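First comes the structure, then the notes that go with it.
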Amino acid sequence: MQILKKACGAYGTNCYILKSEQGDFVIDPGDGAFDFVKQNTTQVKAILNTHGHFDHVWDNEAVKRHFKAPIYIHQFDEFMLNDPFGMGHEQSKADVLITDENEFEIAGVKFKFLFFPGHTPGCCMIELVGENLAFSGDFLFQGSIGRYDFPYSDANLMKQSLERVASFKDELRLLPGHGKETTLKTEQAHLDFWLRNF
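In our numbering, the protein residues as written are 1194 to 1391.
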């Protein structure tokens, strides 16, 4: 599989296009991502949101409308698609609400939403099953973690999520919502430092 990336909008939010033989998938289409998507694919099977912050869902509706592609997001972040921060992005409607961490398949490609609340109520890493890869959104970055001081954030949940991911044994390549890629093993080495801040 091929993965394309573009940092979009004022916050440099990474939009990814996952290209497969059966069709392509868009992860977190932020501000201006629609043009990037349109230039690099002709068939989008689904739009997958790691969480609902405006800089990750800004072009959701534009991509959905053009490609007739369904939007997947965790149920606890569905309300954010309606622009509760008043940032002015076009509102979008989820087609599939994620409620668990079970594997599911779209056009022959298997995904799993790993639930790590704290940054937002429904913050997730989206694992590409069988590929040792996950789109980590704003949960884990290279050398950093997601903020938990925003409206709808929860420091206690973030601490629990970090403690949980510290025990993961999988070797995962992480493609974050901002900045450069990293690995889960690399970021696990820093988790004690972040956990001391709680």
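Where is the CB? At the ideal position from N, CA and C, for every residue including glycine. Bear in mind the structure is a predicted one, so any value in this text is a computation, not a measurement.
State the CB to CB distance for the pair residue 1243 and residue 1370, rounded to an integer number of angstroms; the pair is presumed to be in contact (CB under 8 angstroms). Translated into the one-based positions of the sequence shown, residue 1243 becomes position 50. Translated into the one-based positions of the sequence shown, residue 1370 becomes position 177. The beta-carbon separation of residue 1243 and residue 1370, rounded to 6 angstroms, stays under the 8 angstroms limit for a contact.
Would you call the CB atoms of residue 1202 and residue 1248 closer than 7 angstroms? Taking the first residue of the sequence shown as 1, we reach residue 1202 at position 9. Taking the first residue of the sequence shown as 1, we reach residue 1248 at position 55. Using a Cβ distance threshold of 7 angstroms, residue 1202 and residue 1248 count as a contacting pair.
Straight-line Cα distance separating residue 1237 from residue 1210: On the sequence shown, residue 1210 is found 17 positions in, with the first residue counted as 1. On the sequence shown, residue 1237 is found 44 positions in, with the first residue counted as 1. Counting only the Cα atoms, residue 1237 lies some 9 angstroms from residue 1210.
Between residue 1303 and residue 1323, what straight-line distance do the alpha-carbon atoms span, to the nearest angstrom? The residue given as residue 1303 occupies position 110 in the sequence shown. The residue given as residue 1323 occupies position 130 in the sequence shown. Rounded to whole angstroms, residue 1303 to residue 1323 spans 8 angstroms at the Cα level.
Count the other C-beta atoms from every protein chain shown that fall within 10 angstroms of the C-beta of residue 1199, then say buried if there are 16 or more, exposed otherwise. The sequence position of residue 1199 within the sequence shown is 6, counting from 1. Its Cβ being crowded by 16 or more others within 10 Å, residue 1199 is buried.
Sequence-distant residues of its chain with Cβ nearer than 7 angstroms to residue 1366 (five each side left out): Start at 1 with the first residue of the sequence shown, and residue 1366 comes out as number 173. For residue 1366, where only same-chain residues beyond five positions count, the Cβ hits under 7 angstroms are 1325, 1326, 1374, 1376.
Here's the rule: buried if 16 or more other CB atoms are within 10 angstroms of the residue's CB, otherwise exposed. What is residue 1262? Within the sequence shown, the letter at position 69 stands for residue 1262. Looking at its Cβ environment, which holds 16 or more other Cβ atoms inside 10 Å, residue 1262 is buried.
Are at least three pairs of beta-carbons, each pair with one atom in the region 1280-1299 and one in the region 1332-1343, less than 8 angstroms apart? Touching, no, given that fewer than three Cβ pairs across the two stretches are closer than 8 angstroms.
State whether the region 1348-1363 contacts the region 1249-1258, with contact taken as three or more CB pairs (one from each stretch) at a distance under 8 angstroms. The region 1348-1363, when compared against the region 1249-1258, does not touch it at the 8 angstroms Cβ threshold.
Just curious, the alpha helix (DSSP H) that residue 1219 is in, first and last residue? Position 26 of the sequence shown, counted from the start, is the residue given in the question as residue 1219. Note, residue 1219: premise wrong, no alpha helix (DSSP H); beta strand (DSSP E) at 1216-1220.
In the DSSP assignment, what are the bridge partners of residue 1195? Translated into positions along the sequence shown, residue 1195 becomes position 2. Residue 1195 is bridged to 1212.
Along the alpha helix (DSSP H) that carries residue 1238, what are the first and last residues, could you check? As a position in the sequence shown, residue 1238 is number 45, starting the count at 1. Where residue 1238 is concerned, there is no enclosing alpha helix (DSSP H), although the beta strand (DSSP E) it sits in stretches over 1237-1241.
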